[in-house]
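Just below is one structure, and these are the notes that go with it.
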Amino acid sequence: MSEAMEQIVSALVRLKDKHSLEKLRDHRRKLADDLNELQSKSEFNLSLLMGTIAIELGVIEAGLEQLQDDSASLR
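Here's what the structure looks like:
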């Protein structure tokens, strides 16, 4: 999934679509919070899924930083 996320983020950065990146980040954060809560209430091991979401959040944050750096260099 991380490769797919990298491609999505790359496309959004090329389009300079900060809003969509922020929405994607917020969605992944909520998903991570929900999984943490579920993990605490169940006996299922969700660590692999939570790790994947953490990696995806890193990719999204890097995309947002790239947009911020690009906009700062234009000033």
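By UniProt numbering, the letter at position 9 of the sequence shown is numbered 9, and the numbering carries on one by one without gaps. Glycine residues also receive a C-beta, built at the ideal position from the N, C-alpha and C atoms.
Contact between the region 6-14 and the region 56-74 is present, with at least three C-beta pairs closer than 8 Å. A Cβ-Cβ contact shorter than 8 Å links L64 with L21. In the three-state DSSP reduction, D17 falls in the coil class, being neither helix nor strand. Between the alpha carbons of H27 and F44 lies a gap of roughly 22 Å. DSSP, reduced to helix, strand and coil, places N36 within a helical segment of the structure shown. In this structure, L35 lies away from L48, with their beta-carbon atoms at least 8 Å apart.
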